[in-house]
Ligand code: MG
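In this note's numbering, the protein residues as written are 1156 to 1342.
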């Protein structure tokens, strides 16, 4: 069978989950960061909503491209299959490199300015799995998580923002003037 470049939402979700697991990250790890982030602002956040939002974001085509490319760059760096001096820059997670943060910002930006500010917060404070990935990448000579830590942080940021969007939509529904619109394409 010929290789494909277009996949369904379900296929992209499955491939993203598989890639994350290969790199040591679960949906629950990301949902935990999303939950902690949103719990700062909303009282009744549920873990289940966070998991659902993480899965939804993992099914988006933009997320698929960013995650697959970023994880692949990390893997190729570990396998020393990227030419110098780029390999050393990636392996050292050079602070001024910034392209990993660019991937993160782009992904989090799918959920607007608040997605980006949530990403900035997670990027600076490195909660839970983000700190684990960052430390592992720095301490283990054979591991590179230069792109993954930002991508995982951005998915958590986007998921927490999506949870807030849903909570606001539900609040808006209480107004008798509220009219629901049905969209063919579900984000
Ligand atoms: Mg990074």
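Idealized CB from N, CA, C, for every residue including glycine.
Same chain, Cβ closer than 7 Å to residue i, neighbours up to 5 away in sequence not counted
i, result
"residue 1164", "1214"
"residue 1233", "1297, 1298 and 1299"
"residue 1168", "1210, 1213 and 1214"
Within 9 Å, strictly: CB atoms of residue i and residue j
i, j, result
"residue 1208", "residue 1194", "no"
"residue 1186", "residue 1262", "no"
"residue 1302", "residue 1249", "no"
"residue 1311", "residue 1285", "yes"
"residue 1317", "residue 1266", "yes"
Pairwise C-alpha distance: residue j and residue i
i, j, result
"residue 1157", "residue 1166", "17 Å"
"residue 1198", "residue 1205", "14 Å"
"residue 1323", "residue 1174", "32 Å"
"residue 1315", "residue 1321", "10 Å"
"residue 1337", "residue 1216", "21 Å"
"residue 1239", "residue 1246", "10 Å"
"residue 1110", "residue 1202", "With the chain running from 1156 to 1342 in the structure shown, residue 1110 is simply not present."
"residue 1221", "residue 1255", "10 Å"
"residue 1282", "residue 1178", "18 Å"
"residue 1295", "residue 1229", "13 Å"
"residue 1271", "residue 1192", "13 Å"
8 Å Cβ shell around residue i - same chain, five flanking residues per side excluded
i, result
"residue 1244", "1252"
**Q.** For ligand 1, residues whose Cβ lies under 5 Å from any non-hydrogen atom
**A.** If you measure from each CB to the nearest heavy atom of ligand 1, the residues under 5 Å come out as 1255, 1301, 1304 and 1305.
Q: Starting from the N-terminal side, write out each stretch of the alpha helix (DSSP H) that is 4 residues or longer and does not extend beyond the stretch 1196-1229.
A: Within the stretch 1196-1229, the complete alpha helix (DSSP H) runs of at least 4 residues are 1202-1213.
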